[in-house]
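These notes are about the structure you will find just below.
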Amino acid sequence: MDLTAPNAAPSAHRASAANTILPLRVEGLAYDANGQRLIDGITFTLDAGPRTVILGPNGAGKSLLLRLCHGLIAPSGGTVTWQGATGNADAATHQAMVFQRPVLLRRSVIANVVYGLKLKGTLRAERAEIAADVLARTGLARFKDTPARLLSGGEQQKLALARTWALRPQVLFLDEPTSNLDPAATHAVESICQHMHDEGTRLIMTTHDLGQAKRLADDVLFIHKGRLLEHSPANAFFETPASGEAAAFLRGDLRW
Amino acid sequence: MTDISAAFATAIQLLITLDANLIEIVGLSLQVSISAVALATVIGLPMGAALALFKFPGRGTLTVMLNALMGLPPVVVGLVVYLLLSRSGPLGVLGLLFTPTAMIIAQAILVTPIIAALTRQVVADLWVEYAEQMRSLGAGPLRAVPALLYDARFTLVTAVLAGFGRASAEVGAVMIVGGNIDHVTRVMTTAIALEVSKGDLALALGLGIVLIGLSLAINAATFTAKQRAEAAWT
Amino acid sequence: MRFTKSLIPVIAALLFTLNAHAADDKFITVASTTSTANSGLFDVILPVFTKKTGIEVRVVAVGTGKAIRLARSGDADVLFVHHKPSEEKFVADGMGMKRSDVMYNDFVMVGPASDPAGIKGSETAEAALKKLAAAKAPFASRGDDSGTNKKELGLWKAAGINPKTSSGTWYRETGSGMGATLNVASGMNAYALTDRATWLKFKNKGDLAILVEGDPKLFNQYGIILVSAEKHPHTKTALGQKFIDWIIGAEGQTEISNYQILGNQAFFANAKPGS
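What follows is the structure in C-alpha cells.
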C-alpha cells in the first residue's frame, strides 16, 4: 500500500480558518424513539485538529450520536451547529461518514469512487484522476475495474474509505469501521484514517476496541446510557478516568 | 389425444416450413408486445421508484391500487381503450382503433402496474440498505433513483420479463382494440382464438406450442444473460 | 438513467414503423360477422378486389349486433351483416346510406347424430324447436346478440316458446361466436342453430350432424351498407362505395357464387341488378 502523496494537491483541501465548518457545537442534544430517551442532554464542542474517539458500552448511543451530528437523523431536542466561517449552510458537503458495514454500489471499484465525486459536484473531467489517486493510496488500484461487491470485507471497507477520501471532507465520521475486520485489514483502515488526518480531515469515530481507541484517540467522549459522562484528553481518560462508570468500562466490567 | 399429437405435428410443420403467415404473425406479436413492455418500463420504473421513496398523501392507497391493478382483466382494459380510441370516443380523431398502436397502448396499460409494483418493492428494499450511505454522500431519494434502479437491475429484468409474459399471453385486450384483422392486427393469441372458433383445434394448439416455445426461448436467453451478469456483479 | 433513456428512441422507432404501416390510407374497414369470416369467403374474394383496385379491405369479424355498434360509433366504413330488420333500422336511423342485398345462404339445425329429441326430418324449424323444448334436450345458443342469435330467437318466438326461462338448464347461452358455440355443442352433444357456411368449414364436428334443413324460414340474407359520412365525416365513403359496387356487381357476385366449401356452394349471390 502506497500511502505517500504522489503530488501536493490533496493537502490543498486542508481547512483554513476562512473556509472551515468547525468547530462543531452540540448543545442539549436529545433523541427519543418509541417513548424512550436514547440520547439525553449531551453538550460538547469539537474544535479543528485532534482525533476524537467516542467510547461507551453497547447500546450507550454512540452510533446515534454520530448520526445526529452528521445530520442523518433529526434530534428530538437540542441543536447541532457548525460554527465555522462557512456556517451551517453547506456544512453537509464538507462531512462524510464511513459505516460499520460498507454500502457499495453494484458497479466497479473505481465507479463507486467516481459516483461519490459526481454527487459532490466534482467536474466530470477531474473525477477519474482523483479516483485513481485515492485507489492508489489505499492499495486498491489493481481492483480498479473489479465489481465492488466481489471485494473481501477488508477491501470493501478500504473502498468505502477511499470513496470518502476522494471527497476530501473536513470532518469524517466513522462508525465502528473495523468491527467486522481481521487485524491486517484493521491496521490498513487505521493507517488510511491516519493519512486522512494528516491531510487535515477531522476524525470523529466510535469503536469498542480499546486498543484502537488508544492508538487513534487524541481526546475521548465517554457515553453511558445516552449521557455524556466524560470529555477529556485521551491520556487523561485512559490513565485516570474521572467517573466510576468509565473506570469500570476500562476494566471491562461495564457491559450496559 | 389425436388432436394433441396433430397439434405437435402442426407446430413442427409450421416451424420447419417457416410458414410465411406464421412469421408475419409472430413478428407482429413481438413488435407489439416488446413496444408495449418498453413503454411500460419507461413509465413503470420511475413510478415504482417514486412510490418506494417519496412520502406523500395517498401513497398507501396508491400502492394498494397498483398491486390490485396487476390483476387487471385484459378484456376490461381492451374495452376502456376501445371506448377511448373509438371514433365516437375522446381520442377518436387519432384514428388509432384497429391498429398495432392501439394494441401497444392496451398492453402497456396491462403491463405498467406489474412493472411499477415490482419496481416499488425492489427499490423500497434496496433503499433500506442504501438510505444512510446515499444521504451521507449527499443524495436524497430523488438523486438516488438512477443508482437504485441501476443496482436493482437484475431483479428489474425479472419484473420486465413478467410484464412481457403478461403482454404476449393476453388475448382479450388486443382482440377488442386490434380487431384481429388479417395481415394488420393479427397476433399469436388472436390467431389462436380464431382457429379455436373455426374448430381447428390442432392448428390452434400448434400455434399455442409455437407461442410457448417463443416465450421459453426469450426467457431462457434472458435468464442465462442475467445469471452471467449477476455472477459477475453479485 | 442511461438505460431508460436509451429505450426512448427504440419505442419512438417502433411506434413510428407501426404507424407508418397503419397510415397507409388505401384501405377500408368492414365490420362483418364471424360466420362470414369463418366461412373463408373473404380469404378468397377480397384479394381479387384488392388486386383490381389497390384497396385493402380490413375485416373486423364480430357478431352482427356488435358489428352494427362498431359502425354506429364510426369505427367501420362498411357494414356487412345478416339481420335485415337491424340493418333497416340502421339505415332508418340515418347511420348508413342504403342497404343492398348481397347473397344468402341458410341456417341448419345440427345436433347429435343419435338425435335423442327426434327432430331429424322435421318439416319446419318451429316443429323441431317444439320437440327440443318438450324433450328438454340441451341446446347451445349463441346468446350474443348476433345475427344468428337474433334469427334463433325469432324462430323460438314463432314456435311460441320462451327458452330464456330455461337458460342455464337445457338452454345454454354461450355468449360467444359461432365457432365457439359449435365447440360447446360438440363438447356436450347439444343441438344448435348455425349458418351452413360456418358448419361446412367447422372442423371439430365430433358427433354432430345436420338434422333439420330446407325450411324457408331458415333463409339467411346478407346485406351491405355504407356507413353515412354525415354522422362520421372521417369514413372513407368513396372507397367503401367502390367495394360495395364491386361486391354487388357482376364480378363480385360471380366470385361469391363460385366459392365452394368441400365441393358445396356456400353462398348464393342475389344482389338485385342496378340496386
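Protein sequence lines, in the order shown, are assigned to chains E, X and S.
Counted from 1, the first sequence has number 112 at position 112 by the working numbering; the numbering is strictly sequential.
Counted from 1, the second sequence has number 1085 at position 85 by the working numbering; the numbering is strictly sequential.
Counted from 1, the third sequence has number 2019 at position 19 by the working numbering; the numbering is strictly sequential.
Heads up, the beta-carbon is just placed ideally off N, CA and C, and yes, glycines get one too.
Predicted model only: the values in this text are computed from it and were never measured.
Determine the DSSP secondary structure at residue i, reduced to helix, strand or coil.
| i | result |
| --- | --- |
| S/TRP2170 | coil |
| X/ARG1120 | helix |
| S/HIS2021 | Because the pLDDT at S/HIS2021 is just 49, under 50, the model does not fix this residue reliably, and the point stays unresolved. |
| E/LEU105 | coil |
| S/ALA2271 | coil |
| E/ALA233 | Note that residue 233 of chain E is Pro in the sequence shown, not Ala. In the structure shown, E/PRO233 sits in a strand (DSSP, three-state: E or B). |
| E/MET97 | strand |
| E/GLN170 | coil |
| S/ALA2159 | coil |
| S/LEU2132 | helix |
When the distance is taken between beta carbons, is residue j closer than 7 Å to residue i?
| i | j | result |
| --- | --- | --- |
| E/GLN100 | E/GLU176 | yes |
| S/GLU2152 | S/LEU2200 | no |
| X/LEU1079 | X/LEU1096 | no |
| E/PRO50 | E/ASP219 | yes |
| X/VAL1037 | X/GLY1163 | yes |
| S/THR2050 | S/GLY2147 | no |
| X/ALA1202 | X/ALA1006 | yes |
| X/THR1155 | X/VAL1122 | yes |
| X/ALA1106 | X/VAL1081 | yes |
| E/THR206 | E/LYS62 | yes |
| S/THR2198 | S/SER2035 | yes |
| S/ARG2099 | S/VAL2091 | yes |
| E/VAL53 | E/ALA213 | yes |
| S/ALA2037 | S/ALA2061 | yes |
Alpha carbon to alpha carbon, what distance is there between residue j and residue i?
| i | j | result |
| --- | --- | --- |
| E/ALA92 | E/LEU55 | 24 Å |
| E/ALA188 | E/THR240 | 30 Å |
| S/PRO2138 | S/GLY2249 | 43 Å |
| X/ARG1228 | S/VAL2081 | 57 Å |
| S/GLY2258 | S/LEU2226 | Per the sequence shown, the amino acid found at residue 2258 of chain S is Asn instead of Gly. Computed Cα separation, rounded: 25 Å. |
| X/GLY1060 | E/ASP40 | 34 Å |
| S/ALA2269 | S/VAL2078 | 18 Å |
| E/GLY84 | E/LEU172 | 16 Å |
| X/ARG1135 | X/ALA1108 | 34 Å |
| X/ARG1143 | X/VAL1128 | 16 Å |
| X/MET1070 | X/ILE1115 | 9 Å |
| X/THR1041 | X/LEU1216 | 21 Å |
| X/VAL1077 | X/LEU1110 | 7 Å |
| S/GLY2177 | S/VAL2030 | 18 Å |
| X/PHE1056 | X/THR1119 | 18 Å |
| X/ARG1087 | E/PRO147 | 55 Å |
| S/ALA2022 | X/ALA1117 | Reliability fails at S/ALA2022, whose pLDDT of 46 lies under 50, so the model's placement of it is uncertain and no value is given. |
| E/THR43 | X/THR1222 | 57 Å |
| S/MET2103 | X/ALA1050 | 60 Å |
| E/GLN157 | E/LYS144 | 15 Å |
| X/PRO1046 | E/LEU151 | 31 Å |
| S/ASP2025 | X/THR1101 | 16 Å |
| X/GLU1230 | X/LEU1126 | 16 Å |
| S/GLY2228 | S/GLY2096 | Checking the sequence, you will find Ser at residue 2228 of chain S rather than Gly. Each residue's Cα considered, the two are about 4 Å apart. |
| X/LEU1149 | X/THR1185 | 34 Å |
| X/GLY1179 | X/ALA1193 | 12 Å |
Taking 7 Å as the CB-CB limit, is residue i close to chain B?
| i | result |
| --- | --- |
| E/LEU72 | No chain B appears in the structure shown, which is made up of the protein chains E, X and S. |
Just grab the DSSP bridge partners of residue i for me.
| i | result |
| --- | --- |
| E/PRO147 | E/SER108 |
| S/ALA2061 | S/SER2032 |
| E/ILE223 | E/LEU228 |
| S/ALA2209 | S/GLY2111 |
| S/ASN2220 | S/ASN2105 |
| X/LEU1030 | BP columns for X/LEU1030 are empty, so no partner. |
| E/GLU176 | According to DSSP, E/GLU176 bridges with nothing at all. |
| E/TRP82 | E/LEU24 |
| S/ASP2195 | S/PHE2107 |
| S/GLN2260 | S/GLN2265 |
| E/THR206 | E/ILE54 and E/ASP175 |
| E/LEU250 | E/LEU250 is not bridged to any residue. |
Pull up the CB-CB distance for residue i and residue j, whole angstroms please, since I reckon it's below 8 Å.
| i | j | result |
| --- | --- | --- |
| S/GLY2118 | S/LYS2130 | About 11 Å; that fails the 8 Å criterion. |
| E/ARG127 | E/LYS118 | 7 Å |
| S/ASP2245 | S/ALA2113 | Actually they do not touch by this definition, with Cβ atoms about 44 Å apart. |
| X/LEU1028 | X/VAL1187 | 5 Å |
| E/ALA166 | E/ILE130 | 5 Å |
| E/GLU245 | E/HIS231 | Rounded, the Cβ-Cβ distance is 14 Å, inconsistent with contact. |
| S/VAL2108 | S/ARG2196 | 5 Å |
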